[in-house]
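A.B. asks:
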Amino acid sequence: MFTTLLFATLIIVVGSAGVAGCTYLVLGKGLTFYIMVRLLPATACLCLDICVWMLVGGPTSIKADMVVLPVGISILTAGFILVGQGLGKTISNAVDELQRGAEQIVSAANQVAQSSQTLAGDSSKQASSLEETSASAAEINARARQNTDSCRSTVALLAQSEEKVASANRQLGQMVTSMNQITESSGKISKIIKVIDDIAFQTNILALNAAVEAARAGEAGMGFAVVADEVRGLAQRSAQAAKDTASLIEESIANSSGGKSRVDEVALAISALTEETLRVKTMVDEISSGSEEQSRGIDQISRAVAEMERVTQTNAAMAQQSAAAAEELNAQSAMTQGIVSGLHAMVRGQAQRYA
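Residue 1 is where the sequence shown starts when you use the UniProt record's numbering, and the numbers rise one by one after that.
#1: Taking the straight line between their C-alpha atoms, what separation do you get for Gln-240 and Glu-219?
#2: CA-CA distance, Val-26 and Ala-324?
#3: Relative to the alpha-carbon of Gln-114, which residue among Thr-336, Lys-164, Asn-330 has its alpha-carbon at the smallest distance?
#4: Starting from the C-beta of Leu-130, find all residues in its chain whose C-beta is less than 7 Å away, skip the five residues before and the five after it, and write them out in chain order.
#5: Could you tell me whether the region 234–251 touches the region 268–284, where touching means 3 or more Cβ pairs closer than 8 Å?
#6: Is it buried or exposed for Thr-148, if we count other Cβ within 10 angstroms and need 16 for buried?
#7: For Ala-137, which residues in the same chain have their Cβ closer than 6 Å to its Cβ, ignoring the five residues on either side in sequence?
#8: Could you check the C-alpha separation between Asn-93 and Asn-110 for me, to the nearest Å?
#9: Ala-144 and Gln-294 - do their beta-carbons sit closer together than 8 Å?
#10: Report all residues from its chain with a CB closer than 8 Å to the CB of Val-280; omit the five preceding and five following residues, and keep chain order.
#11: Would Ile-193 pass as a contact of Ala-242 if the rule is Cβ separation under 8 Å?
#12: Taking the alpha carbon of Met-335 as the point to measure from, which residue in Ile-105, Asp-96, Lys-89 has its own alpha carbon closest?
#13: Apply the 10 Å Cβ neighbour rule to Asn-180 and answer buried if 16 or more other Cβ atoms are within range, or exposed otherwise.
#14: Taking just the CA atoms, how far does Ile-270 sit from Gly-258?
#15: Residues in the same chain with beta-carbon distance under 6 Å from Ala-210, minus the five sequence neighbours each way, listed in chain order, please.
#16: Please report the distance separating the alpha-carbon of Glu-163 from that of Thr-133.
#17: Are the Cβ atoms of residue 359 and Ser-288 separated by less than 8 Å?
#18: Could you tell me whether the Cβ atoms of Ala-207 and Ser-238 are closer together than 8 Å?
#19: Take Ala-267 and list the residues in its own chain whose beta-carbon comes closer than 8 Å to its own, dropping the five residues that flank it on each side.
#20: Pick out whichever of Ile-339, Ser-291, Ser-341 has its Cα sitting closest to the Cα of Asn-141.
#21: For Val-155 versus Asp-285, is the C-beta distance shorter than 8 Å?
#22: To the nearest angstrom, how far is the alpha carbon of Ser-252 from that of Arg-262?
#23: Please classify Ile-249: is it buried, with 16 or more other beta-carbons within 10 angstroms of its beta-carbon, or exposed?
#24: How many whole angstroms separate the CB atoms of Ser-190 and Ala-246, which I take to be in contact at a CB cut-off of 8 Å?
#25: So, is Ser-322 buried or exposed, given that buried needs 16 or more other C-beta atoms within 10 angstroms?
#26: Taking Cβ to Cβ, would you say Ser-256 is nearer than 8 Å to Thr-203?
#27: Using the C-alpha atoms, what's the distance from Ala-319 back to Leu-119?
#28: Should Ser-178 be labelled buried (16 or more other beta-carbon atoms within 10 Å of its own) or exposed?
#29: Exposed or buried, Ala-127, counting other C-beta atoms within 10 Å across all chains shown (16 or more means buried)?
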């Protein structure tokens, strides 16, 4: 009897070890340990049932075969049912979590796909806007350079005009000096003519005195009287010529004075023109400097916009790639969700069967 009990116990132990080995090969260490721990009470009850079976008669007892063995089999079956129910609940909970995670992944993938498509569209629009901005900046830069060149040409022309105005101003100064010299010379000539007029007047008086003395001398002074008349006539003609010359010189002096006044006015006008030209030149120099700085600034802006355009185009391409990847991720997530839903339905069905 003891040998039979030992043999039965050995069969149970070997069977349990075989079941554990098969479970380990199929399900791995974790689930094998889980199953064996939960089957341990059922195994112990089975061993106890075999002991009872042996005590009540063993194979020779119909009562033992009809009562004790079915109880042991029922205990083992109940152990397997409890293990299956526990595994079903655990797997069901895991599948529930997996399904919720899959749904969240699908939702996130949809959001990523929509965001990527929106970003790709916005990047394309921004790239187009930056391309237009770059073209406008290039056009503005070309105009700014043209304005700078025009300002430089204007500065060169103003410099030439300044030189010409300065030359005209110098020549006008020389003319004023010449007019002043002419006026001074006319004044000296007027003095000389006055002296000549005085000499003619004195000569006329002397001629009159000589004529009077010749008349007193009678016939002896006739020749002297003729000479005195000639001298008197010459003195009168000299006086008249001196008066005419004085009139011409006075008229010339008046004209010279008027010309000098006009030359002075022209000199003032040219001087004012020179000052205005210098002011205009200074302003044009400032405009030219500002245009050059503006041209450099616009050139820098053009380079920055070109770099932004390049980066934006790169971002647009990357956004399109991200959108395609998001679409692929969305499709993979949907497929994963379908697989998880099928697994969930299967596990739920099994769990309901064990519930």
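C-beta: ideal position from N, C-alpha, C; glycine also.
C.D. replies: The structure says:
#1: 32 Å
#2: With a pLDDT of only 47 at Val-26, under 50, the local geometry of the prediction cannot be trusted, and the value read off the model is given with reservation. Roughly 40 Å separates the two Cα atoms.
#3: When each option's Cα is compared against that of Gln-114, the closest is Asn-330.
#4: Val-305, Met-308, Glu-309, Thr-312
#5: no
#6: buried
#7: Short of 6 Å from the beta carbon of Ala-137, and not among the five residues preceding or following it, lie these beta carbons of its own chain, in chain order: Ile-301, Ser-302, Val-305.
#8: 26 Å
#9: yes
#10: Leu-158
#11: yes
#12: Ile-105
#13: exposed
#14: 18 Å
#15: Only Ala-228 meet the Cβ criterion.
#16: 44 Å
#17: Any answer about residue 359 is impossible in this case: the structure gives the chain only from 1 up to 355.
#18: no
#19: Asn-169, Leu-172, Gly-173, Val-176
#20: Ser-291
#21: yes
#22: 15 Å
#23: buried
#24: 6 Å
#25: buried
#26: no
#27: 6 Å
#28: exposed
#29: buried
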